[in-house]
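Throughout the sequence shown, residue numbering follows my numbering, covering 2 to 302 in sequence. Every residue, glycine too, gets a C-beta built ideally from N, C-alpha and C. Below you'll find the structure, written out as structure tokens, and then a few comments.
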Amino acid sequence: MKTIGNILNFAIVGAPKCGTTSLFASLSERSDISFLGKDSHLLGQDLELLKRDPAVNYKGIIDQFRNNQLIGDASVWYLYSKTAAQEIHELNPDCKIIICLRNPMELIPSLHNQHLKGGDESEIDLNKALNADHRNERIPRGVQFKYRPKYIDTVDFEQQIRRYTELFKQVLFVFHEDMKADFKDTVQRIEAFLGLDQRERINAIQSNKRQHIKHPDLLKTIKKKPILLKGVFRTLVPNKNWRHKIMTRAETAALTDSNINENQLISEENMEVVTALIQKQLPHLKELTGRDCSNWLKVME
2 MKTIGNILNF
12 AIVGAPKCGT
22 TSLFASLSER
32 SDISFLGKDS
42 HLLGQDLELL
52 KRDPAVNYKG
62 IIDQFRNNQL
72 IGDASVWYLY
82 SKTAAQEIHE
92 LNPDCKIIIC
102 LRNPMELIPS
112 LHNQHLKGGD
122 ESEIDLNKAL
132 NADHRNERIP
142 RGVQFKYRPK
152 YIDTVDFEQQ
162 IRRYTELFKQ
172 VLFVFHEDMK
182 ADFKDTVQRI
192 EAFLGLDQRE
202 RINAIQSNKR
212 QHIKHPDLLK
222 TIKKKPILLK
232 GVFRTLVPNK
242 NWRHKIMTRA
252 ETAALTDSNI
262 NENQLISEEN
272 MEVVTALIQK
282 QLPHLKELTG
292 RDCSNWLKVM
302 E
């Protein structure tokens, strides 16, 4: 029998770029589920998030939902966070955890592109960004993050997963390749895990089309909206609708559609670094998830 209402029933904790947005959209179609939003990141106090309101009362937000619904949180950086697992456990030790994983060779280029688009990365060349991480160079201040997490640290899954498996009895692993192959089956597995009736009709959720960033500095300025720039812009363009149209066009000008194979973007040198991490993690991932992830290495063949 499932407990409903006024507690956090389940959490999709990441990882980023693993299909969590599609899962959130599909599960949100159900009337018996309510989310605290997508990537609200109300927990994970160690994450240096610039747009999070420290005054927000997490329990107060949960209490606002109807008590005949399952309440979920979907925040992709909880997996990376060193404190989020314990924070969730303090709210509800019986919370059900959903962890989404993806081949790091695919995840890293996709995440780099997202950070560029979101203003948390200023180096347009993926390999230069990775090399800067390897050399422990200072990461420029971002828009969402004070300093974005290093790419290789983001896909160091073993310790991240252990923080959850050591605290929670019910942890479900969802793999990105399975979601792409059969989205309906993946969602039904999650519904069964949550103790809900499985829907027969589940609509496929169209994923966001990958876009290449042409002008990262322009995009970062748009996302960050410095106070001085906002003041000048409002004076020059007093109409709010026109300001929005101008900003949208400027953002579009900084982007272009891209069909580049993500794997081809990683240099041979950086492939060796990521490959070594995957090989190191393989036995631990099999122990923790029950899944042989050695197919992640085949992407280089």
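| task | On a CA-only basis, which of N58, I72 and L108 is nearest P17? Give me that one, please. | result | L108
| Do you know how far the Cα of E270 is from the Cα of E263? | Caution applies to E263, whose pLDDT of 49 falls short of 50 and renders its modelled position unreliable; the value that the coordinates give is listed next. Rounded to whole angstroms, the separation of the alpha carbons of E270 and E263 is 16 angstroms.
| query | Should A56 go down as buried or exposed, given a rule of 16 or more other Cβ atoms within 10 Å for buried? | reply | exposed
| Using a threshold of 7 angstroms, is the CB atom of P150 nearer than that to any non-hydrogen atom of the ligand GDP? | With respect to small molecules bound, the structure shown includes none, and the ligand GDP cannot be examined in it.
| said: Across the stretch 73-91 and the stretch 39-54, are there enough close Cβ pairs to call them in contact, namely three or more that are closer than 8 angstroms? | reply: yes
| Can you find a C-beta in chain B that's less than 8 angstroms from the C-beta of L51? | The displayed structure is made up of one protein chain only, and chain B is not part of it.
| query | Whose C-alpha, out of K60, L283, W297 and L37, is nearest the C-alpha of E178? | reply | Checked all of K60, L283, W297 and L37; the closest Cα to E178 is W297.
| Contained alpha helix (DSSP H) runs [length at least 4] in the stretch 160-217, N- to C-terminal order | 177-182 and 184-194
| message | Going by the DSSP bridge assignment, what does K18 pair with across the sheet? | response | Paired residue(s): none; K18 is not in a bridge.
| query | From S41 to G291, what does the alpha carbon distance come to, in whole angstroms? | reply | 30 angstroms
| Taking the alpha-carbon positions, what's the K39 to L9 distance? | 15 angstroms
| Taking the alpha carbon of I162 as the point to measure from, which residue in I99, Q145 and K151 has its own alpha carbon closest? | I99
| task | Please state if the CB of F194 and the CB of L173 are separated by a distance shorter than 8 angstroms. | result | yes
| message | Checking 8 angstroms against the spacing of the C-beta atoms, do L112 and Y148 come in under that value? | response | Pairing L112 with Y148 gives a Cβ-Cβ distance that is not under 8 angstroms.
| Beta carbon of G196, beta carbon of C101: below 8 angstroms? | no
| Alpha carbon to alpha carbon, how far is A86 from R164? | 6 angstroms
| How would you label L71, buried or exposed, when you count the other beta carbons within 10 angstroms and need 16 or more for buried? | buried
| said: Assuming the contact rule is C-beta atoms closer than 8 angstroms, G266 and L127 should be a hit. Round their C-beta distance to whole Å, please. | reply: Reading off the sequence shown, one finds Leu at residue 266, where the question assumed Gly. Taking a contact as a CB-CB distance under 8 angstroms, the pair L266 and L127 counts as one, their CB atoms being some 5 angstroms apart.
| said: Out of D64, A12, I34 and P141, which one is the CA nearest neighbour of D198? | reply: Checked all of D64, A12, I34 and P141; the closest Cα to D198 is I34.
| request: Measure how close the beta-carbons of P105 and V275 come, nearest whole angstrom, since I'm counting them as under 8 angstroms. | output: 5 angstroms
| query | Cα separation between S123 and V77? | reply | 21 angstroms
| message | Using a Cβ-Cβ cutoff of less than 7 angstroms, which residues in the same chain neighbour I228 once the five nearest sequence positions on both sides are dropped? | response | Interpretation of I228 is limited by its pLDDT of 48, a score under 50 that renders its predicted location unreliable; no figure is taken from the coordinates.
| request: For S268, collect the residues of the same chain with a Cβ closer than 7 angstroms to its Cβ; drop the 5 residues on either side in sequence, then sort them by chain order. | output: N128
| message | Please state whether the Cβ-Cβ distance between I191 and S23 is less than 8 angstroms. | response | no
| Identified DSSP bridge partners for F11 | G73 and K97
| Cβ distance (whole Å) where D121 is taken to contact V156 below 8 angstroms | In fact, because the Cβ distance is near 16 angstroms, the residues do not count as touching under 8 angstroms.
| task | Select from L37, R31 and S32 the residue whose C-alpha is nearest the C-alpha of I13. | result | L37
| message | Could you give the first and the last residue of the continuous alpha helix (DSSP H) run that contains L131? | response | Segment L127 to H135, the alpha helix (DSSP H) holding L131.
| field | First and last residue of the uninterrupted beta strand (DSSP E) at I34 | value | I34 to K39
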